[in-house]
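> Dropping the structure in here first, questions after.
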Amino acid sequence: MRFASLCLVTADLPALAAFYRTVLGQEPEGDETFCSLVLAGADLSIYTVEGTEAMAPGSMAGAGYGGCVLEFEVEDVDAEFERLAGAGLPIVKPPTTQPWGRRSAWFRDPDGNIVNLNASVPPA
Numbered sequence: 000m001r002f003a004s005l006c007l008v009t010a011d012l013p014a015l016a017a018f019y020r021t022v023l024g025q026e027p028e029g030d031e032t033f034c035s036l037v038l039a040g041a042d043l044s045i046y047t048v049e050g051t052e053a054m055a056p057g058s059m060a061g062a063g064y065g066g067c068v069l070e071f072e073v074e075d076v077d078a079e080f081e082r083l084a085g086a087g088l089p090i091v092k093p094p095t096t097q098p099w100g101r102r103s104a105w106f107r108d109p110d111g112n113i114v115n116l117n118a119s120v121p122p123a
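Per numbering that gives the first Met the number 0, the very first residue in the sequence shown carries number 0; after that it's consecutive.
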């Protein structure tokens with residue numbers, strides 16, 4: 000088994016697609032009901048509530064939004080933080096070195112999900 004994709008379901012596809020276009024630096028591909036961003040190892044897909052319901056009626060009953068943390072490993076957390084903060088993305092946590100040896104910065108997407116950009120900290 001291979002993990003292939005993470006799919007976020009949203010009520011506002013254009014806003015979420017624009018956010019992840021800014022974070023990932025690539026153009027989403029799709030239509031008015033879904034889009035995908037192809038990443039190394041797995042895709043990030045975004046579906047509308049209506050598109051998901053069309054595929055599986057009743058599947059979105061009681062579903063909430065904003066409960067995910069998406070983690071992306073980057074080369075330079077501080078540089079990515081400056082780039083994304085400069086683009087006006089909502090900051091949750093500025094770059095911080097964690098006790099377990101990872102540096103991370105958190106942003107919030109339009110649906111409330113957290114985007115964690117992180118990297119290993121070289122040993123001192």
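Note that CB positions come from ideal geometry on N, CA and C, so glycine has one too.
Give a yes or no on whether the C-beta atoms belonging to Ala118 and Val68 are separated by under 9 Å.
No, Cβ-Cβ distance for Ala118 and Val68 is not below 9 Å.
> For Ala104, list the residues DSSP reports as bridge partners.
DSSP lists Leu116 as partners of Ala104.
> Judging by CA-CA distance, which residue of Gly85, Leu83, Val114 and Lys92 is the nearest neighbour of Leu43?
Among Gly85, Leu83, Val114 and Lys92, the Cα nearest to that of Leu43 is on Val114.
> Hey, out of Trp99, Asp30, Lys92 and Leu5, whose CA is closest to Gly40's CA?
Ranking Trp99, Asp30, Lys92 and Leu5 by Cα distance to Gly40 puts Leu5 first.
> In whole angstroms, what separates the C-alpha of Leu36 from that of Pro98?
In a straight line, the C-alpha of Leu36 is about 32 Å away from that of Pro98.
> When the Cα atoms are used, what is the spatial distance from Ala123 to Asp77?
Straight-line Cα distance between these residues: approximately 18 Å.
> Please confirm whether Thr9 and Pro109 have their CB atoms less than 9 Å apart.
Yes, the Cβ-Cβ distance between Thr9 and Pro109 is below 9 Å.
> Pick helix, strand or coil for Thr32, following the three-state DSSP scheme.
Thr32 falls in the coil class under three-state DSSP.
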